[in-house]
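A.B. asks:
In the numbering used here, the protein residues as written are 10 to 66.
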C-alpha cells in the first residue's frame, strides 16, 4: 500500500512540475531571450534530481 501511495505522489509531483511552468507561461507574452530554454533545462534537472532521490531511497 505504501509503495502505491509513494508512486502516486511521485507521479503527481512530476505532472505538477511539467504543468505548472506551462500554465505560468500561458499568462505572459512569450519572449525569445532564452527564458523558455532555461526553464526547460531547470525542469529537466528537477526531474532528474527527483528521480535520483526516489531511486536512492
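No residue lacks a Cβ here, since even glycine has one placed at the ideal position from N, Cα and C.
What distance in whole Å lies between the Cβ atoms of residue 26 and residue 56, which are believed to be in contact at a cut-off of 8 angstroms?
C.D. replies: About 6 angstroms; that satisfies the 8 angstroms criterion.
A.B. asks: Measuring only the C-alpha atoms, how far is residue 13 from residue 20?
C.D. replies: Their Cα atoms are separated by approximately 11 angstroms.
A.B. asks: Comparing C-alpha positions only, which one of 17, 49, 16 sits nearest to residue 28?
C.D. replies: It is 49 whose Cα lies nearest to the Cα of residue 28.
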